[in-house]
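Here's the structure, in structure tokens; my notes come after.
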Amino acid sequence: MSKKVEVKVGLFVVITSVLIIASVLYLAYSKGFFTREYIYTLSSKSGEDLTEGMPVLFSGYKIGRVETLELNDQGILLIKIRIPEQHSKWIRSDSTFSLYKPLIGSSRLIIATENLNSPALSPKTIPEIVMVNDINESIKKVQPTLAKLDKVVTNIERITANLADPQGNVNKILSHSEKLTGNLAKKDTLIEMATGTPESAQSVNESLKKIRDLLAKTDDQVYGNDGALPLVRKILKDIIVKLEKINTALDNVVKISADASDSTKDLKLLRTEIDTTVNSIDKLVSDINKILPSKKEPEIKLP
Amino acid sequence: MSGKKDIRMIDIIERIGKTSINATRSFRDTLSFAFTIILKMFSKNSYSSATRMVLINQIYFTSVQILPLFIGISIILGSLLIGIVFQIIKTLGLAEYLGRILMGLVVTELSPFVTVLLIALRSSSAINAEIAVMKVNKELNTLDKFNIDVIDYLFLPRVINGVISVVLLSALFSILTLTSGLLFSKLMFGMSLDTYSNVLLNSANFYDIVISLVKCCTFGFFITLIPIRFGLHATNDLTSIPIAVLNGMVDVFIAIVLIEVLSLILSFI
């Protein structure tokens, strides 16, 4: 009995202990207990919404957590964040650190790096955290809309006040409309209502008839067979024919002027040739004069 | 009339005072006894082959014998509770906090509490009755006459057994319950094994585990120490045995509640 009991107790203790140790070790491994970690220090003027253990995110992925929060001698809050070695490559010298406070849910520290090739952030450097507040952002976005809404409400209030006021514009328009429709109901036509008396309406009708007759006559004089417009059309056709003829004449003039231009060129050549001929004759005359002197021999006076 | 009233008032006040003094004395005696046991626990001379034999037997009776029942209870109760919790989480749309709720509820609160209740009901009452009977039968005096240290031989193995059993069984309860939770997470949320384990791992906290461990050790220590102390209160009459067991078990219950409250306060600090 004793041996059996010992074995059973031994098995129980060993198995449960192994299970516990394995679970704790697995948890420690998953939590990065055995990996090297870097600690970076950030600063903030306010510790509001910052808590120890808060997640540190890069591209929405948790890469670390806030280790401690403490005040320095100048009253500035120093935030130490713990980043495992495999994630420290995302933190560069140009990284920005912002505290994001969503409308709903807990705050988180977000790291953004524009250039991953820039040098790594030195653990001695203390960058400042930028506060991003969803509530304030939302209020800012809503404010213009609220202002517009306020205007709309004021206008609606004005309209309703006008409607409620018996001496208001709307009520005046309505009473005038009532009067107008009442008058319209009493009169036979709109012209009668506008003029006031049936005689005036008849006079307007007669005038309109006269205008219509006058227009018919004018139409005949302008557009009729012997009207002004057909005659104008005939004249225009004639002018077009004549213009075509003038166009041909002008072409001829152009051609003649071109010919004249060519002739002047020939004249210049002729003149050159004449000049050459005259010069040749002049030379010839000189030569002849040399050969056949036309003057008497000059008298030679002896000493 | 006025004189009688005054006498009654004085009686009531006297009774309150007596109860308070008794409670304080009992608390002080328990702490003193606990201190003695702790000292013995860390003394090398306390451990002999007889002590080890008693310890093994105690672990066998407290943990190994109860194991099939305990595993059954862990799976059934744990699964039911996990199912209810999952249903509430789903209804309230708190799936994001699934891991935190599971780790906080199961590992820190539920496992130690269920384990300690089970062991207190089964073993603490047995230890209390056993010591009281030994006291009535003067077995303790006999052991003393044979120069056998009753603390080393009787009390220490029982207290150590309490600590070991509560810690191991509580851990087993946590592991079994969280494993059965996988089935519910698959059925209710369509979670895979990887996602479920990630959710649990992300929410797991070493601080919670340490608190749970300390709590289990404290539970195990006091649910065996108090019955021993109350068993020693038995007189030579057989009728004193049930009184000793009754008082001992009430104090065990008070101790469980006090430790639970203290651990909750600690976890919120």
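Going down the list, the protein sequences come from chains A and B.
Just so we're on the same page, the numbering used here is the position in the first sequence counted from 1, plus 3.
Just so we're on the same page, the numbering used here is the position in the second sequence counted from 1, plus 10.
Think of the CB as a built atom: it goes at the ideal place given N, C-alpha and C, for glycine as much as any other residue.
Check	Outcome
Could you work out which residues of chain B lie near A:PHE15, taking near to mean beta carbons separated by less than 8 Å?	ILE69, SER73, VAL74, LEU77 and LEU178
Run through chain E and tell me which residues come within less than 8 Å of B:LEU102, C-beta to C-beta.	Looking for chain E here will not work: the only protein chains present are A and B.
Taking Cβ-Cβ distances below 7 Å as the criterion, which residues of the region 51-66 of chain A are in contact with chain B?	none
Would B:GLU24 be called buried (16 or more neighbouring beta carbons within 10 Å of its own) or exposed?	exposed
Consult DSSP for A:ILE94 and reduce its assignment to one of helix, strand or coil.	coil
Return the CA-CA distance between A:MET4 and B:ASP261, expressed in angstroms with no decimal places.	Any answer about A:MET4 is weak, because its pLDDT of 49 lies below 50 and its placement is not dependable; what the coordinates show is given next. Approximately 35 Å, taken between the alpha carbons.
What does a CB cutoff of less than 6 Å around B:GLN68 pick up in its chain, not counting 5 residues either side in sequence?	PRO167, ARG168 and ASN171
Tell me the residue span of the beta strand (DSSP E) that contains A:GLY67.	64-74
For B:ALA130 versus B:PHE43, is the C-beta spacing smaller than 9 Å?	no
Are A:PRO58 and A:GLY50 close, meaning C-beta to C-beta below 9 Å?	no
How would you list, in chain order, the residues of chain A whose beta-carbon sits under 7 Å from the beta-carbon of B:ALA214?	LEU30
According to DSSP, A:TYR43 sits in a beta bridge with which residue or residues?	A:ILE84
Should B:GLY88 be labelled buried (16 or more other beta-carbon atoms within 10 Å of its own) or exposed?	buried
Are the C-beta of B:ILE66 and some C-beta of chain A separated by less than 9 Å?	yes
In whole angstroms, what separates the C-alpha of A:ASN172 from that of A:LEU166?	8 Å
Can you tell me whether B:MET19 is buried or exposed? The criterion is at least 16 other CB atoms within 10 Å of its CB, across all chains shown.	exposed
In chain B, what lies closer than 7 Å to A:LYS1 by C-beta?	Here chain A comprises residues numbered 4 to 306, so residue 1 of chain A is not present and cannot be evaluated.
Does the region 229-237 of chain B come within contact of the region 152-162 of chain B, defined as at least 3 CB pairs closer than 8 Å?	no
Over the uninterrupted alpha helix (DSSP H) stretch that includes A:THR221, give me the two end residues.	201-226
DSSP on B:LYS148, reduced to helix/strand/coil?	coil
Which residues, taken in chain order from the region 150-173 of chain A, show a beta carbon closer than 8 Å to some beta carbon of chain B?	none
According to DSSP, which residues form a beta bridge with A:TYR103?	A:ARG111 and A:VAL135
Buried or exposed: A:TYR32, going by 16 or more other Cβ atoms within 10 Å of its Cβ?	exposed
Whole-angstrom Cβ separation of B:THR125 and B:SER180, contact assumed at under 8 Å?	4 Å
Could you have a look at A:LEU53 and say whether DSSP puts it in helix, strand or coil?	coil
What are the boundary residues of the alpha helix (DSSP H) that B:VAL173 is part of?	166-194
Sorted by chain position, which residues of the same chain lie with C-beta nearer than 7 Å to B:VAL209's C-beta, five sequence neighbours on each side aside?	LEU108 and GLY109
Closer than 7 Å by beta-carbon distance: list the chain A residues that pair up with B:ILE185, in chain order.	LEU22 and SER26
Give me the residue from B:ASN246, B:THR152 and B:THR118 with the minimum Cα distance to B:LEU188.	B:THR118
What runs of the alpha helix (DSSP H), each 4 residues or longer, lie entirely inside the region 222-301 of chain A?	231-294
What does a CB cutoff of less than 8 Å around A:PRO130 pick up in its chain, not counting 5 residues either side in sequence?	LEU45, SER46, SER98, THR99, PHE100 and LEU124
Got a sec: which bits of the region 219-239 of chain B sit with their beta carbon under 8 Å from any beta carbon on chain A, in order along the chain?	ILE219
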